[in-house]
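Enquirer: In the working numbering, the protein residues as written are -12 to 221.
Glycine included, each C-beta is placed from N, C-alpha and C at the ideal position.
Computed from a prediction, not measured in an experiment: that's the story for all the values here.
One structure, pasted below without further comment.
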């Protein structure tokens, strides 16, 4: 049965349009490759889909640049001349802007002032005054931020100092303040300050103290003190 003739018009359904584009693109590239091999032709195909994707085919025996060069030679036109002239004009403008900027920088440094008239000198002074104002404002802002940070650190130090003073006063009022409760065999530990005798005192629970005395010093009676001292090794 013969295939029905397909009406050539835009496919409205986007999915169907993309599928048709992909299939026919591959078929076109296949035909171009066959023509290249069979007839030793040089073929270049450039395709841009509706989604702005670029697809191209170029015969293996030539490059894209060489193809365009042969096209220009065969047709007798220069595809790049107008574009090159625009690039040259743009380059000249950029060089002029660069020269003016360099001259202004030197003038702000006190150089190249001989070519300036009175009004130009006044304008230069006003520009520099505005610039100096912006720099000063920025400097004061940075200094203000540093001052705020320093104040916060100072308040933290003051808080730590107050806590230490309160702790010191508590030690003065309670002689047993600062003993470490370990809830183990030894209930508390007391360290002597620097400069005193290098001795550490351990307060041992009565049962543990009496058991230790009976094991190592059987002659000691159970009424001994529960405060045991040990000399620290140097």
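(1) Closer than 8 Å is the cut-off here; do at least three beta carbon pairs connect the stretch 47 to 57 with the stretch 79 to 95?
(2) Pairing CB atoms from the stretch 15 to 29 with CB atoms from the stretch 39 to 50, are three or more of them under 8 Å?
(3) So what does DSSP say about residue 49, is it helix, strand or coil?
(4) By DSSP's criteria, residue 34 is part of a beta bridge. Which residues make up the other side?
(5) Report the rounded CA-to-CA distance for residue 183 versus residue 135, giving the unit in angstroms.
(6) Starting from residue 96, trace the alpha helix (DSSP H) in both directions and tell me its first and last residue.
(7) So, under 8 Å CB-CB, residue 121 and residue 94 are touching, yes? Tell me the CB distance rounded to an integer number of Å.
Expert: The answer reads as follows:
(1) no
(2) yes
(3) As a working note, residue 49 is residue 62 in the chain shown. Residue 49 falls in the coil class under three-state DSSP.
(4) In the chain shown, residue 34 corresponds to position 47, counting from 1. Note: residue 34 sits in a beta bridge opposite 42.
(5) Counted from its first residue, the chain shown places residue 183 at position 196. Counted from its first residue, the chain shown places residue 135 at position 148. Per-residue confidence for residue 183 stands at a pLDDT of 49, beneath the threshold of 50, marking its modelled position as unreliable; the derived number appears in the next sentence. So the alpha carbons of these two residues sit roughly 44 Å apart.
(6) Counted from its first residue, the chain shown places residue 96 at position 109. Neither: residue 96 is in no alpha helix (DSSP H) and is coded neither H nor E.
(7) On the chain shown, position 134 is the one that residue 121 refers to. On the chain shown, position 107 is the one that residue 94 refers to. Not confirmed; about 18 Å, so no contact.
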